[in-house]
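*Asks:* I have a structure here, written as structure tokens, and I will follow up with some questions on it.
Protein chains in written order, with our numbering: chain A, 1 to 340; chain B, 1001 to 1205.
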């Protein structure tokens, strides 16, 4: 059964990345509702370069397509190797925010004082990381369970639960469309069964051809990746994190300056493939500050914690239960001190 | 381009601009210089080089200010923070622009503001119920229901108002930074695990 669930998730990832679709959904958390519109498609973008090859490849099958100036037929496996992936996520309430995908370059518009682009396969977006993460890594710690079928957004859907091995993190439930494997609903659920964050598809349309807006997007100049300030590498991470839930490994370690502040912090990001959380450690000995207000905030499934631990300010942010964040913070110790 | 497409696109584009305009804009950088100074102002606000009393509705103030901005071009060369730090306003622009700010920059403030709001709500509620003579109590308990006892136990601290401001500034910084880190996150790989000398020990409980 676990294998079957994994297959469903693999098909979902494939569908999310290859199909042409137009989906509206809402995200519900903390009694707030955020509606989003999600357009996605593939398009053979460098048409002039490829025209020759493509016409050869498709010469026999796409005669009726020649009058149309649109891209070659999308289902053709050959065109997939030429076509690129485009996506456009737009917030519908309040100030407009957009997340634009040009293949593996993500552009954030309306998120910051400057729009910027980064190379990344997983965007920081309202969509679950599960749609694009490395499922094998997730499978190291989580169990995939086929649960049952139900009707979601007017369609037949298969529910799959991604169950953590412990109570240190949240479960993810996801309902997949039976025919296309696209997600129709997802939820982050605490071990007590509380739904902390929900995504619900409200309209859903899959088409053989990409939406005209996707074509517009494909014909625009490609965004150039923003030069990110290179963080100082840490030759020697002097912190020992003595407790981490099983399956989490560091994905980033550096020392950098916080935006909007002059404080240098030691930074580490850890991931189990489904959750990415940040730990910041700030040495207070070189500052005139000797107290830290312990702070605990939650928003949906996100937890924020700042605590004073052994004279250091430790901050944990991420989609984890507060108790886990607290345990993580408490487990930090300084290697150089502990050797004495 | 069909009317329908135009409408759809214009729905995405805040200013009701035609797509062709926008595409043209992608290739120009005329308005850069004039918009730069505004960005600097915004950058100052972000770095808190603003009057001492940071209002709790800072995000709204910024949002309002930004709301009045026209659709602008902006450089793709750097994150806002580095742009402001380098004082590039006086330098000639050599980069071409590929990314257009179709929309107003608010989101990151939005995230931070939603967390900050949690503090404010708790703070006001405490003040209202407390007897006079007490220092303001900040109630930083998570808003979600079903608290873990471990976090509830130490969730109250008596502090002075300037410390609250400092705390909020710090919380905002961390949340903005986390959000930025998530945008350039990497897959976990065994190599990175080894490279990191932390080797966190796993626990099963």
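Ideal Cβ positions, reconstructed from N, Cα and C, are used throughout, including at glycine. In this text the structure is predicted, and so the values were computed from the model without any measurement.
State the DSSP-derived secondary structure class of residue 1177 of chain B, mapped to helix, strand or coil.
*Replies:* One-based indexing of the second chain puts residue 1177 of chain B at position 177. Helix.
*Asks:* When you compare each of A:222, A:216, A:35 and A:313 to residue 343 of chain A by their alpha carbons, which one comes out closest?
*Replies:* Coverage of chain A is limited to positions 1 through 340, which leaves residue 343 of chain A absent and any answer about it impossible.
*Asks:* Report, in whole angstroms, the separation of the C-beta atoms of residue 239 of chain A and residue 334 of chain A, which I expect to be a contact under 8 Å.
*Replies:* Your numbering for residue 239 of chain A matches position 239 in the first chain. Your numbering for residue 334 of chain A matches position 334 in the first chain. Correct: roughly 6 Å between the Cβ atoms.
*Asks:* Report yes if the C-beta distance between residue 171 of chain A and residue 161 of chain A is below 8 Å; otherwise report no.
*Replies:* Here residue 171 of chain A refers to the residue found at position 171 when the first chain is read from its first residue. Here residue 161 of chain A refers to the residue found at position 161 when the first chain is read from its first residue. A contact, by the Cβ cut-off of 8 Å.
*Asks:* Please return the same chain residues whose Cβ sits closer than 6 Å to the Cβ of residue 15 of chain A, not counting the five positions on each side in sequence.
*Replies:* For this step, residue 15 of chain A is matched to residue 15 along the first chain. Closer than 6 Å at Cβ, skipping near neighbours: 180, 181 and 182.
*Asks:* List the residues of chain C that residue 304 of chain A touches, going by C-beta distances under 8 Å, in chain order.
*Replies:* As a matter of chain content, chain C is missing from the structure shown, whose protein chains are A and B.
*Asks:* Applying a beta-carbon distance threshold of less than 7 Å, which residues of chain A neighbour residue 1179 of chain B?
*Replies:* For the purposes of this step, residue 1179 of chain B is identified with residue 179 of the second chain, where counting begins at 1. The contacting residues are 124.
*Asks:* Beta carbons nearer than 7 Å to chain B: which residues of the region 5 to 22 of chain A have them?
*Replies:* Going along the region 5 to 22 of chain A in chain order, one finds no residue with a Cβ nearer than 7 Å to chain B.
*Asks:* Where does residue 117 of chain A land, buried or exposed, given buried means 16+ other C-beta within 10 angstroms?
*Replies:* Within the first chain, residue 117 of chain A is the residue found at index 117, counting from 1. So residue 117 of chain A counts as buried.
*Asks:* Please name the residues in the region 266 to 277 of chain A whose beta-carbon is closer than 9 Å to at least one beta-carbon of chain B, in chain order.
*Replies:* The region 266 to 277 of chain A vs chain B, Cβ under 9 Å: 267, 268, 269, 270, 271, 272, 273, 276 and 277.
*Asks:* Let me know the secondary structure DSSP gives residue 11 of chain A once reduced to three states.
*Replies:* Counting from 1 along the first chain, the entry for residue 11 of chain A is found at position 11. Residue 11 of chain A falls in the helix class under three-state DSSP.
*Asks:* Measuring only the C-alpha atoms, how far is residue 347 of chain A from residue 190 of chain A?
*Replies:* Look at the range of chain A in this structure, 1 to 340, and you will see that residue 347 of chain A is not part of it.
*Asks:* Less than 8 Å between the beta carbons of residue 318 of chain A and residue 278 of chain A, yes or no?
*Replies:* Along the first chain, read from residue 1 onward, the residue named residue 318 of chain A stands at position 318. Along the first chain, read from residue 1 onward, the residue named residue 278 of chain A stands at position 278. For residue 318 of chain A and residue 278 of chain A, yes; Cβs fall inside 8 Å.
*Asks:* State the start and end residues of the unbroken beta strand (DSSP E) segment that holds residue 105 of chain A.
*Replies:* To locate residue 105 of chain A, count along the first chain from 1; it is residue 105. That run of the beta strand (DSSP E) goes 105 to 109.
*Asks:* Can you list the residues of chain B that residue 218 of chain A reaches, using a CB-CB cut of under 8 Å?
*Replies:* Taking the first chain and counting its residues from 1, the one referred to as residue 218 of chain A is at position 218. Per Cβ cutoff of 8 Å: no residues; residue 218 of chain A is ~12 Å from chain B at best.
*Asks:* When we look at the beta-carbon of residue 178 of chain A and count the other beta-carbons within 10 Å, is it buried (16 or more) or exposed?
*Replies:* Numbered from 1 along the first chain, position 178 holds the residue referred to as residue 178 of chain A. Exposed: under 16 other Cβ atoms inside 10 Å.
*Asks:* For residue 1167 of chain B, return the contacting residues in chain A, with the cut-off set at a CB-CB distance below 9 Å.
*Replies:* Numbered from its first residue, the second chain carries residue 1167 of chain B at position 167. Under the 9 Å cutoff, chain A gives 292, 293, 295 and 306.
*Asks:* Using a Cβ-Cβ cutoff of less than 7 Å, which residues in the same chain neighbour residue 331 of chain A once the five nearest sequence positions on both sides are dropped?
*Replies:* For the purposes of this step, residue 331 of chain A is taken as the residue at position 331 of the first chain. Closer than 7 Å at the Cβ level, and outside the excluded window around residue 331 of chain A, lie 241, 242 and 243.
*Asks:* Mind listing, in chain order, the continuous beta strand (DSSP E) runs of no fewer than 3 residues lying wholly within the region 258 to 284 of chain A?
*Replies:* Counting whole runs of 3 or more residues, the region 258 to 284 of chain A contains the beta strand (DSSP E) stretches 264 to 271 and 276 to 283.
*Asks:* Say yes only if the C-beta of residue 178 of chain A is nearer than 7 Å to one or more non-hydrogen atoms of the ligand ADP, and no if none qualify.
*Replies:* This structure does not include the ligand ADP; it has no bound ligands of any sort.
*Asks:* Inspect the CB distances between the region 191 to 210 of chain A and the region 96 to 113 of chain A and report whether three or more fall short of 8 Å.
*Replies:* Contact between the region 191 to 210 of chain A and the region 96 to 113 of chain A is absent, because fewer than three Cβ pairs lie under 8 Å.
*Asks:* Can you check which of these residues, A:194, A:84 and A:199, is closest to residue 129 of chain A by C-alpha distance?
*Replies:* As a position in the first chain, residue 129 of chain A is number 129, starting the count at 1. The shortest Cα separation from residue 129 of chain A among A:194, A:84 and A:199 belongs to A:199.
*Asks:* With a threshold of 8 Å between beta-carbons, can residue 280 of chain A be considered close to chain B, or not?
*Replies:* By 1-based counting over the first chain, the position of residue 280 of chain A is 280. Yes - at least one Cβ of chain B is within 8 Å of the one on residue 280 of chain A.
*Asks:* Would you say residue 329 of chain A reaches chain B, if we count a Cβ-Cβ gap shorter than 8 Å as a contact?
*Replies:* As a working mapping, residue 329 of chain A is identified with position 329 in the first chain. No - not a single Cβ of chain B is within 8 Å of the one on residue 329 of chain A.
*Asks:* Would a check of beta-carbon distances place residue 1184 of chain B closer than 8 Å to chain A?
*Replies:* In the second chain, the residue the question calls residue 1184 of chain B occupies position 184. Judged by the 8 Å Cβ criterion, residue 1184 of chain B is in contact with chain A.
*Asks:* Note down, in chain order, every chain B residue with its Cβ under 8 Å from the Cβ of residue 332 of chain A.
*Replies:* As a working note, residue 332 of chain A is residue 332 in the first chain. In chain order: nothing, as chain B lies at least about 10 Å away.
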